[in-house]
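To start, the structure under review is shown below, and the notes come after it.
Protein chains: 2
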Amino acid sequence: MESQQQAETGKNIQRQRWKQDPEGVRANILEVALKEFADRGLSGARMDEIAAKTRTSKRMIYYYFGDKDGLYRKVLEQTYREVRTGEKELMLDHLAPKEALRRLTEFTFDHHSKNPDFIRIVMIENIHHGEYLKHSDLIRGLNQEAISRIEAIYDKGLDQGVFRSGCSPLAIHWLISALSFFNVSNRVTFSLLFGDALHNREGQLDLRSQVADAVLKFVALE
Amino acid sequence: MESQQQAETGKNIQRQRWKQDPEGVRANILEVALKEFADRGLSGARMDEIAAKTRTSKRMIYYYFGDKDGLYRKVLEQTYREVRTGEKELMLDHLAPKEALRRLTEFTFDHHSKNPDFIRIVMIENIHHGEYLKHSDLIRGLNQEAISRIEAIYDKGLDQGVFRSGCSPLAIHWLISALSFFNVSNRVTFSLLFGDALHNREGQLDLRSQVADAVLKFVALE
DNA sequence: TCAGTTATGTACTGTTTCGTTAAATTGTCA
DNA sequence: TGACAATTTAACGAAACAGTACATAACTGA
């Protein structure tokens with residue numbers, strides 16, 4: 005009886021009705037893949053696992069992205085794009101240079117903190133020697149803006165005599181990035197080795213303001 | 005003729021003479037595995053590849069380390085141990101606090117720079133949520149010293165009135181670590197996105213001194 | 001309405017990779 | 001000298017995994 009019924013349903017496979025939604029499917033796959041890659045790394049992520057977590061099938065991943073590398077590549081681009089566009093909201097032109105720099109630093113600190121998946125993808129990309137980033141012209145353009153933004157603030161600060169000369173906007177950006185990035189990237193091991201005083205709730209608020217202090221003290225005069 | 009000889013040698017397998025050297029074999033495996041894990045990540049590294057690069061066989065890896073995770077665990081411990089013991093050489097007691105802090109910072113910067121494999125293992129461990137570090141009591145002990153060292157310098161600086169109060173040794177350590185670590189960990193992507201001005205030879209010398217500046221300005225008075 | 005194209009589902013395949021087995025040989029130390 | 005530890009070699013098994021073949025449903029535009 006059981007087997008009879010099985011045989012019958014086996015014959016008349018009742019496909020579910022479905023709507024075509026290529027963009028939705030693509031987006032859904034990318035979203036799931038980002039989480040999975042960020043969580044397990046490039047080699048650690050499993051295509052079957054990603055597929056299972058999408059609302060579609062493995063077939064579609066290969067249909068849209070070719071292979072695992074292709075999928076990772078798109079995830080990388082997408083992630084950079086989202087994060088960088090998220091940074092543009094910030095309006096600093098009307099602020100005094102010191103205040104602008106503090107705001108920018110604290111914003112970056114928070115922004116990284118809120119986007120751990122991005123941080124982890126960048127870590128993974130570094131582990132893989134930037135092999136995929138190398139071949140993405142798209143991404144390079146997005147990042148020059150970050151430097152210009154700082155340059156504007158820095159020049160203004162020089163003009164007003166509140167910043168010391170001899171800093172480069174690139175180095176300032178590096179400094180802000182380093183502190184904001186490390187805070188997320190090494191949270192786990194740092195906490196394990198030294199306790200979570202810097203990474204619990206109050207600790208983070210305090211650390212953020214200390215990071216801003218450090219950046220300001222580095223650039224400001226006296 | 006050829007095949008005859010082959011058959012014969014096939015029969016009398018001439019084993020090479022070998023010395024027993026368990027410690028040597030273990031060390032050799034760990035060395036190769038470190039490079040391989042650091043280069044490819046935990047999931048990316050292949051046991052067969054590691055085996056091929058050792059002077060011994062895959063069998064021995066399993067003989068000594070059980071499985072891939074066991075091997076990785078030992079690599080992790082070994083790497084932390086080596087790096088931390090390498091840090092102990094530094095003698096700072098006789099220096100003035102500011103000078104001591106500058107030396108410590110520049111030393112750490114160089115030390116990380118010379119140990120990219122360690123950096124990469126720590127990155128990998130963070131990617132894996134510190135799962136393996138969690139279970140290693142051994143490692144935790146090694147790291148408290150780093151804090152004490154800074155505390156000694158900081159307290160002396162407070163006494164002498166050259167450091168401001170309100171910093172914590174932990175935060176100072178975090179700051180030094182962050183900058184020294186990020187310099188190595190994100191070298192690839194940062195260079196790709198912003199050029200190698202900070203990472204070519206002169207760039208690194210300059211950056212090191214700027215990092216020390218930043219740390220000193222953060223801690224010092226006025 | 002129907003032909004051609006795009007999108008999707010199901011089941012499968014071939015390979016990679018971890019880990020093991022088996023049996024022999026050599027070194028070491030009490 | 002005998003027991004035990006270390007090592008070699010070669011091949012195998014099973015599971016995990018990336019990727020594919022094939023069929024079919026939905027859409028589009030003429």
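Here the protein sequences line up with chains A and B, keeping their order. Following my numbering from start to finish, the first sequence increments by one per residue and tops out at 226. Following my numbering from start to finish, the second sequence increments by one per residue and tops out at 226. Where is the CB? At the ideal position from N, CA and C, for every residue including glycine.
Out of curiosity, what's the CA-to-CA distance linking Lys-160/A and Ser-169/A?
Within the first sequence, residue 160/A is the residue found at index 156, counting from 1. Within the first sequence, residue 169/A is the residue found at index 165, counting from 1. Lys-160/A and Ser-169/A: Cα-Cα distance of roughly 12 Å.
Same chain, Cβ closer than 6 Å to Leu-183/A, neighbours up to 5 away in sequence not counted
Along the first sequence, read from residue 1 onward, the residue named residue 183/A stands at position 179. If we look at Leu-183/A and ignore the five residues flanking it on each side, its Cβ neighbours are Val-215.
Which one of Lys-39/A, Gly-45/A and Gly-48/A has the shortest CA to CA distance from Thr-58/A?
Here residue 58/A refers to the residue found at position 54 of the first sequence. Looking at the Cα atoms, Lys-39/A is the closest of the given residues.
Chain-ordered chain A contacts of Val-87/B [CB-CB under 8 Å]:
Counting from 1 along the second sequence, the entry for residue 87/B is found at position 83. Those do not exist, as Val-87/B stays about 12 Å from chain A at its closest Cβ, beyond 8 Å.
Exposure label - Ser-61/B; buried when at least 16 CB within 10 Å
What you label residue 61/B is simply residue 57 of the second sequence in a count that begins at 1. Exposed, since its Cβ has fewer than 16 Cβ neighbours within 10 Å.
Segments assigned alpha helix (DSSP H), at least 4 residues, entirely inside the region 130-198 of chain A:
135-138, 141-163, 173-189 and 191-198
Identify every residue that forms a DSSP beta bridge with Ala-224/B.
Translated into the one-based positions of the second sequence, residue 224/B becomes position 220. Answer is Phe-167/B.
Within 10 angstroms of its Cβ, does Ile-17/B collect 16 or more other Cβ (buried), or is it exposed?
Start at 1 with the first residue of the second sequence, and residue 17/B comes out as number 13. With a pLDDT of only 40 at Ile-17/B, under 50, the local geometry of the prediction cannot be trusted, and the value read off the model is given with reservation. Exposed, since its Cβ has fewer than 16 Cβ neighbours within 10 Å.
Does the structure place the region 144-162 of chain A close enough to the region 137-154 of chain B that three or more beta carbon pairs sit under 8 Å?
no
Determine, using beta carbons only, whether Asn-119/A and Val-87/A come nearer to each other than 8 Å.
What you label residue 119/A is simply residue 115 of the first sequence in a count that begins at 1. What you label residue 87/A is simply residue 83 of the first sequence in a count that begins at 1. Yes, the pair counts as a contact, with Cβ atoms nearer than the cut-off.
Exposed or buried, Thr-109/B, counting other C-beta atoms within 10 Å across all chains shown (16 or more means buried)?
In the second sequence, residue 109/B corresponds to position 105, counting from 1. The residue is buried, with at least 16 neighbouring Cβ atoms inside 10 Å.
So if I threshold CB-CB distances at 7 Å, which residues from the region 163-189 of chain A count as touching chain B?
Leu-174, Ala-175, Trp-178, Leu-179, Ala-182, Leu-183, Phe-185, Phe-186 and Ser-189
Going by alpha carbons, who is nearest to Glu-93/A out of His-177/A, Gly-74/A, His-115/A and Ala-55/A?
To locate residue 93/A, count along the first sequence from 1; it is residue 89. Ranking His-177/A, Gly-74/A, His-115/A and Ala-55/A by Cα distance to Glu-93/A puts His-115/A first.
Compare the beta carbon distance of Asn-76/A and Phe-113/A with 8 Å and say whether it is the shorter of the two.
Within the first sequence, residue 76/A is the residue found at index 72, counting from 1. Within the first sequence, residue 113/A is the residue found at index 109, counting from 1. According to the sequence shown, residue 76/A is Tyr rather than Asn. It is not a contact, given that the beta carbons lie outside the stated cut-off.
Could you tell me which of Ala-56/A, Gln-82/A, Met-95/A and Leu-96/A sits nearest to Ser-140/A, measuring between CA atoms?
Position 136 of the first sequence holds residue 140/A. Out of Ala-56/A, Gln-82/A, Met-95/A and Leu-96/A, Gln-82/A has the C-alpha closest to the C-alpha of Ser-140/A.
Residues of chain B with CB closer than 7 Å to the CB of Ala-201/A, please, in chain order.
Taking the first sequence and counting its residues from 1, the one referred to as residue 201/A is at position 197. Simply Leu-174.
Starting from the Cα of Ile-33/B, find the closest Cα among Lys-23/B, Val-223/B, Leu-197/B and Asp-52/B and give me that residue.
For the purposes of this step, residue 33/B is taken as residue 29 along the second sequence, with counting starting at 1. The option with the nearest alpha carbon to Ile-33/B is Asp-52/B.
So, is the C-beta of Gln-18/B closer than 8 Å to a C-beta in chain A?
Stepping through the second sequence from its first residue, residue 18/B is reached at position 14. Here Gln-18/B scores only 44 on pLDDT, less than 50, and its place in the model is too uncertain to base an answer on.
What does Leu-196/B reach in chain A if we use C-beta pairs closer than 8 Å?
Translated into positions along the second sequence, residue 196/B becomes position 192. Within chain A, the residues near Leu-196/B are Gly-134, Leu-137, Lys-138 and Arg-144.
What residue range is occupied by the uninterrupted alpha helix (DSSP H) comprising Arg-107/B?
Within the second sequence, numbered from 1, the residue matching residue 107/B stands at position 103. It spans 101-118 - the alpha helix (DSSP H) in which Arg-107/B sits, taken as one unbroken run.
What would DSSP say about Thr-60/A, mapped onto helix, strand or coil?
Residue 60/A sits at position 56 when you count from the first residue of the first sequence. Three-state DSSP puts Thr-60/A in coil, outside helix and strand.
Val-36/A and Pro-101/A: beta carbons closer than 8 Å?
Position 32 of the first sequence holds residue 36/A. Position 97 of the first sequence holds residue 101/A. Taking 8 Å as the Cβ cut-off, Val-36/A and Pro-101/A do not qualify as a contacting pair.
Are the C-beta atoms of Ala-126/A and some chain B residue less than 8 Å apart?
Start at 1 with the first residue of the first sequence, and residue 126/A comes out as number 122. Reading off the sequence, residue 126/A comes out as Val, not Ala. It does; some Cβ of chain B falls within 8 Å.
According to the Cβ coordinates, are Leu-137/A and Thr-193/B closer than 8 Å?
As a first step, residue 137/A must be located in the first sequence, where it is residue number 133. As a first step, residue 193/B must be located in the second sequence, where it is residue number 189. Result yes, Cβ atoms of Leu-137/A and Thr-193/B sit closer than 8 Å.
Is there a Cβ of chain A sitting closer than 8 Å to that of Val-192/B, yes or no?
The residue given as residue 192/B occupies position 188 in the second sequence. At least one chain A Cβ lies under 8 Å of Val-192/B.
Taking 8 Å as the CB-CB cut-off, is Gln-208/B touching chain A?
Residue mapping note: residue 208/B aligns to position 204 of the second sequence, counting from 1. With 8 Å as the cut-off, Gln-208/B does not count as an interface residue toward chain A.
Return yes when the Cβ of Ser-189/A is within less than 8 Å of the Cβ of Met-95/A, no when it is not.
Taking the first sequence and counting its residues from 1, one reaches residue 95/A at position 91. Taking the first sequence and counting its residues from 1, one reaches residue 189/A at position 185. Their beta carbons are not under 8 Å apart, which means Met-95/A does not touch Ser-189/A by this criterion.
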